[in-house]
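Right, one structure below, let's go through it.
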Amino acid sequence: MTKHIFVTGGVVSSLGKGLTSASVGMVLEQRGLSVRMQKLDPYINVDPGTMSPYQHGEVYVLDDGSETDLDLGHYERFTNAPLTRQSNYTTGQIYLSVIEKERRGEFLGKTVQVIPHITNEIKNCIGKLGGEDVDVVITEIGGTVGDIESQPFLEAIRQFSLDVGKENCLYIHLTLVPYLKAAAELKTKPTQHSVGQLRQIGIQPDILICRTEREMAASDREKIALFCNVPVKAVIEERDKDFSIYEVPLSLVEHGLDELIVNKLGLPKQTLDLDNWRELLHRLRNPETEISIAVVGKYAEHKDAYKSIYESIDHAGIDNHAQIRIGRIQSEDIEHEGPERLLSGYDGILVPGGFGERGTEGKVEAIRWARERKIPFLGICLGMQCAAIEFARNVVGLEGANSTEFDKDTSYPVICLLDEQNNITDKGGTMRLGAQVSTVNDASKSLECYGTKEISERHRHRYEFNNVFRKQLEAHGLRFAATSENDTLVEIIEVVDHPWFVAVQFPPEFKSKPTASHPLFSGFIQAAVRRSSNGAKKEVEV
Ligand code: GLN
Numbered sequence: 000m001t002k003h004i005f006v007t008g009g010v011v012s013s014l015g016k017g018l019t020s021a022s023v024g025m026v027l028e029q030r031g032l033s034v035r036m037q038k039l040d041p042y043i044n045v046d047p048g049t050m051s052p053y054q055h056g057e058v059y060v061l062d063d064g065s066e067t068d069l070d071l072g073h074y075e076r077f078t079n080a081p082l083t084r085q086s087n088y089t090t091g092q093i094y095l096s097v098i099e100k101e102r103r104g105e106f107l108g109k110t111v112q113v114i115p116h117i118t119n120e121i122k123n124c125i126g127k128l129g130g131e132d133v134d135v136v137i138t139e140i141g142g143t144v145g146d147i148e149s150q151p152f153l154e155a156i157r158q159f160s161l162d163v164g165k166e167n168c169l170y171i172h173l174t175l176v177p178y179l180k181a182a183a184e185l186k187t188k189p190t191q192h193s194v195g196q197l198r199q200i201g202i203q204p205d206i207l208i209c210r211t212e213r214e215m216a217a218s219d220r221e222k223i224a225l226f227c228n229v230p231v232k233a234v235i236e237e238r239d240k241d242f243s244i245y246e247v248p249l250s251l252v253e254h255g256l257d258e259l260i261v262n263k264l265g266l267p268k269q270t271l272d273l274d275n276w277r278e279l280l281h282r283l284r285n286p287e288t289e290i291s292i293a294v295v296g297k298y299a300e301h302k303d304a305y306k307s308i309y310e311s312i313d314h315a316g317i318d319n320h321a322q323i324r325i326g327r328i329q330s331e332d333i334e335h336e337g338p339e340r341l342l343s344g345y346d347g348i349l350v351p352g353g354f355g356e357r358g359t360e361g362k363v364e365a366i367r368w369a370r371e372r373k374i375p376f377l378g379i380c381l382g383m384q385c386a387a388i389e390f391a392r393n394v395v396g397l398e399g400a401n402s403t404e405f406d407k408d409t410s411y412p413v414i415c416l417l418d419e420q421n422n423i424t425d426k427g428g429t430m431r432l433g434a435q436v437s438t439v440n441d442a443s444k445s446l447e448c449y450g451t452k453e454i455s456e457r458h459r460h461r462y463e464f465n466n467v468f469r470k471q472l473e474a475h476g477l478r479f480a481a482t483s484e485n486d487t488l489v490e491i492i493e494v495v496d497h498p499w500f501v502a503v504q505f506p507p508e509f510k511s512k513p514t515a516s517h518p519l520f521s522g523f524i525q526a527a528v529r530r531s532s533n534g535a536k537k538e539v540e541v
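502 is the number that numbering that gives the first Met the number 0 gives to position 503 of the sequence shown; each next residue is one higher, with no gaps.
Shown next as structure tokens:
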């Protein structure tokens with residue numbers, strides 16, 4: 000019988016529910032249990048694919064092509080749980096499915112209502128993840144307890160324990176215990192209120208995880224336990240981690256979280272093996288060198304827009320024993336201030352994916368800087384497209400070369416719409432999405448990194464390198480290092496006369512883990528470390 004853990008959040012948003020859920024999943028996996036992870040998001044968009052990064056941060060893409068919440072990135076980085084379309088549902092998706100059923104007449108004339116029809120649909124989505132080979136499903140509920148929009152989800156998870164038995168469900172509530180400077184103490188009242196709200200709708204949390212800046216005293220935990228009706232040992236402190244998010248699971252274990260869960264759910268008590276994770280933290284704490292990488296994007300100021308990229312850079316740093324300082328550079332600033340002022344001194348430059356014209360000329364300038372100064376460069380999606388544009392303009396001499404996304408009438412459309420995209424008008428879920436196989440060519444930097452010719456990477460784009468220009472660019476020193484099946488679509492380009500210039504049409508950052516860095520990120524950081532130790536950096540700074 001699959002056991003279910005539900006994670007809710009209280010007091011404020013951005014408490015790190017995703018990270019905490021992922022940590023719980025990781026710890027249970029390291030106790031030999033088979034885990035599945037899921038997030039239920041209360042907003043009405045069908046998926047985050049159509050949302051601005053300012054609203055939502057990064058869109059995390061899965062192998063099956065679903066465009067999901069960035070918390071799923073934490074799940075994949077911390078656990079081995081397979082993620083699919085069933086791992087992320089939104090209110091929009093739930094209603095869409097219920098309304099479609101209603102149109103097909105499946106409710107046989109009944110009035111369709113939030114309870115039971117919407118809640119049944121939600122319970123169904125939760126139940127789908129269980130199965131014979133699954134010990135635990137962890138379901139994270141987005142939003143904050145008390146929000147109107149998350150109520151149907153909370154009602155559904157309340158009912159769920161009635162359906163499958165209370166002994167098979169466990170509720171974890173993540174809450175904030177703020178420190179009030181004026182009073183010089185931690186305050187428990189917001190937590191009391193938040194748990195009060197949960198209890199009002201019939202959910203008694205089993206475990207409270209308390210986010211706090213300062214160490215909690217025994218008296219704080221006792222007070223929370225008393226007012227929130229949980230045993231003292233079920234009040235777990237989760238103190239802010241200044242050093243690394245990868246410390247979170249270890250600290251939860253120190254506070255006894257895994258024991259509590261295993262005991263409450265009657266799960267088999269296997270020993271916990273955290274050696275890998277400890278080794279990872281050891282490496283992180285003991286770097287042999289320090290380098291700096293510039294990420295030049297349109298959303299540089301937004302901490303979540305390139306989340307998986309920043310994480311992947313860190314993973315490659317761990318792999319290369321290097322501490323990495325990441326400079327977040329707004330690409331539009333390069334248009335105004337020039338690359339020299341903003342990019343001098345960096346050991347590597349990365350241009351991430353994106354949509355729309357704003358800031359693209361700054362990206363092209365940054366790429367030119369990296370190519371001409373022989374600074375290691377990794378271009379991703381739009382970053383790859385800008386690299387092709389830069390090469391066409393400045394090496395081949397095709398003045399005004401561009402993507403038809405930004406200039407429909409360009410004389411040199413080196414990037415253009417995929418044929419299959421020509422008649423598509425709907426914006427949601429209609430790009431080239433998900434895992435696609437491609438073949439890496441011999442004698443490329445990419446092959447050195449991957450060590451294998453057949454690769455599978457996730458995709459999310461509408462535009463594509465225009466094959467009409469392949470020969471011309473190749474003749475000037477661009478290497479087409481990987482193409483899709485039948486050689487139809489360009490997947491990776493490399494500048495031949497350059498120490499490390501690789502640009503990819505797919506986002507590799509969705510397949511990097513702290514314990515297994517993505518080969519291209521590792522190769523990129525290795526090249527940057529090499530450059531830094533060669534003293535080349537000083538030349539640039541002069
Ligand atoms: N806007 C470009 C396209 O649609 C690049 C997409 C991306 O960077 N993910 O092809």
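Built from N, CA and C at the ideal position, the CB exists for glycine as well.
* Is there at least one non-hydrogen atom of ligand 1 closer than 7 Å to the beta-carbon of G435? -> Position check: residue 435 holds Gln in this sequence, whereas Gly was assumed. No, the Cβ of Q435 stays beyond 7 Å of every heavy atom of ligand 1.
* Asked: With burial defined as no fewer than 16 other Cβ atoms inside 10 Å of the residue's Cβ, what is the status of V541: buried or exposed?
  -> Confidence at V541 is low in this model, with a pLDDT of 37, below 50, so its placement is unreliable and the value that follows should be read with caution. So V541 ends up on the exposed side.
* Excluding the 5 residues preceding and the 5 following D132 in the sequence, name in chain order all residues of the same chain whose CB lies nearer than 7 Å to its CB. => S33
* Asked: If you draw a straight line from the alpha carbon of S544 to that of Q435, how long is it in whole angstroms?
  -> Nothing in the structure corresponds to residue 544, since the chain is present only between 0 and 541.
* To the nearest angstrom, report how far apart L179 and T211 are at their CA atoms. => 11 Å
* Asked: With respect to 7 Å, is the separation between the Cβ of H497 and the closest non-hydrogen atom of ligand 1 below this value?
  -> no
* E456 CB to nearest heavy atom of ligand 1 below 7 Å -> no
* So, helix, strand or coil for G296, using DSSP? -> strand
* To do: Rounded to whole angstroms, what's the CA-CA distance from V395 to K373? Just pull it up for me.
  => 18 Å
* Would you mind sorting K537 into buried or exposed? The rule is 16 or more other CB atoms within 10 Å of its CB. => A caution first: K537 carries a pLDDT of 47, below 50, which makes its placement in the model too unreliable to give a value.
* **Cα-Cα separation between V539 and I366, rounded to whole angstroms** => Note that V539 scores 46 on pLDDT, short of 50, meaning its location in the model is unreliable and no value can be drawn from it.
* To do: Go ahead and pull the three-state DSSP assignment for K232.
  => helix
* Examine ligand 1 and report whether any of its heavy atoms sits within less than 7 Å of the Cβ of F354. => yes
* Using a Cβ-Cβ cut-off of 6 Å (strictly less than) and excluding sequence neighbours within five positions of L477, which residues of its own chain qualify? -> F390 and I492
* **Assigned exposure category for I114 - 16 Cβ within 10 Å defines buried** => exposed
* Can F464 and V413 be called in contact, C-beta distance under 8 Å? -> yes
* **Three-state secondary structure (DSSP) of M36** => strand
* Less than 7 Å between the CB of L61 and some heavy atom of ligand 1, yes or no? -> no
* Can you tell which of F376, S22, A387 and H172 has its C-alpha closest to the C-alpha of H497? -> F376
* Same chain only: Cβ atoms within 6 Å of R177, ignoring 5 sequence neighbours per side -> One detail in the question is off: residue 177 reads as Pro in this sequence, not Arg. Once the five neighbours on either side are set aside, the close Cβ partners of P177 are K186.
* **Heavy atom of ligand 1 within 7 Å of C385 beta-carbon** => no
* Answer yes or no: the CB of C448 versus the heavy atoms of ligand 1, is any distance below 7 Å? => no
* Ignore the nearest five residues each way along the sequence and tell me which others in K268's own chain have a CB closer than 7 Å to its CB. => V261
* Asked: Candidates T409, E356 and I524: which alpha carbon is nearest S291's?
  -> I524
* To do: Leaving aside the five residues before and after G378 along the sequence, list all residues of the same chain whose C-beta is less than 6 Å from its C-beta, in chain order.
  => V350, A386 and A502
* Alpha carbon to alpha carbon, how far is K16 from L107? -> 39 Å
* Asked: By Cβ distance, which residues of its chain are closer than 7 Å to D313, with the 5 residues on each side in sequence left out?
  -> I323
* Asked: Just to confirm, does L381 get its C-beta within under 7 Å of one of the non-hydrogen atoms of ligand 1?
  -> yes
* **Rounded straight-line distance, which links the Cα of D63 to that of D408** => 35 Å
* Asked: Looking at the unbroken alpha helix (DSSP H) that takes in E371, where does it start and where does it end?
  -> T359 to E371
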